[in-house]
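Asks: Residue numbers (our numbering): 28 to 199.
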Amino acid sequence: MKGKRYNRIKEEWDITSGDFFVIGYRTLMLSTKTFVRIQKEAEKILGDGAAVIFYEAGKKAVLVSVKRIEEEWKSEGEELIRSLEEFYAEVGFGKFIIGEAKVEGGEELMIKVENSFIAKEYGKSDVPVCHFLRGYCAGIGEALTNQEMDAEEVKCVACGDNHCEFVVKMVE
Ligand SMILES: [Zn+2]
Numbered sequence: 028m029k030g031k032r033y034n035r036i037k038e039e040w041d042i043t044s045g046d047f048f049v050i051g052y053r054t055l056m057l058s059t060k061t062f063v064r065i066q067k068e069a070e071k072i073l074g075d076g077a078a079v080i081f082y083e084a085g086k087k088a089v090l091v092s093v094k095r096i097e098e099e100w101k102s103e104g105e106e107l108i109r110s111l112e113e114f115y116a117e118v119g120f121g122k123f124i125i126g127e128a129k130v131e132g133g134e135e136l137m138i139k140v141e142n143s144f145i146a147k148e149y150g151k152s153d154v155p156v157c158h159f160l161r162g163y164c165a166g167i168g169e170a171l172t173n174q175e176m177d178a179e180e181v182k183c184v185a186c187g188d189n190h191c192e193f194v195v196k197m198v199e
């Protein structure tokens, strides 16, 4: 295990009732194998529609956690970006490297994810597979710019790239 914890995430267990909480949210410890198995089963049944479900679920989840981080850690701007990177690293999503939002005829943001838990588990693919994290990136973009944002995965480890990369753009 490399690096120390940031020690801002608090876990609570109640082994008598079977509850596990992370920063107050009931949480599951789910192996990445199981997560990817759910995604692959959804893809078998739903085809391309599965990507939309994982994307939307990720986007909605991140908006809640960003609010929490803003309120409890009093992070904003550059500090909020670093807090998010630390949070996702600590919960095992991979290493997020969030760029600055740029305005060039519309808000745009680049997010790099090294060691994506989805891509690492998924195996080889002709198309990017990190739809859940793509939703996270869109949600991060929305939280940072207060605009409606969409994200596209332009590089993915499952496609043979060194890392996953997401371009987050304002919805036109
Ligand atoms: Zn990926």
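We put the beta carbon where it would ideally sit given N, CA and C, even for glycine.
None of the values given here were measured: they were computed from a predicted structure.
1. Hey, is the segment 138 to 157 in contact with the segment 93 to 108, meaning 3+ C-beta pairs nearer than 8 angstroms?
2. My output table needs one value for ILE25: the three-state DSSP class, helix, strand or coil.
3. For VAL91, which three-state DSSP category applies?
4. In terms of DSSP beta bridges, what is CYS186 paired with?
5. Count the C-beta pairs between the segment 49 to 65 and the segment 147 to 155 that are closer than 8 angstroms, then say yes if the count reaches three, no if not.
6. For ligand 1, is there any heavy atom lying closer than 7 angstroms to the beta carbon of ALA146?
7. How about ALA69 and PHE159: are their beta carbons less than 8 angstroms apart?
8. Using DSSP with H/G/I as helix, E/B as strand and the rest coil, what is ALA178?
9. Ignore the nearest five residues each way along the sequence and tell me which others in CYS164's own chain have a CB closer than 6 angstroms to its CB.
10. Just reading off the alpha helix (DSSP H) that ILE72 is part of, what are its end residues?
11. Considering ILE124, what are the terminal residues of the beta strand (DSSP E) in which it resides?
Replies: Short version:
1. no
2. What is shown of the chain runs 28 to 199, which leaves residue 25 out entirely.
3. helix
4. CYS186 pairs with nothing; no bridge assigned.
5. Enough Cβ pairs lie closer than 8 angstroms, so yes.
6. yes
7. no
8. strand
9. ILE138, ALA178, PHE193 and VAL195
10. 59 to 73
11. 122 to 125
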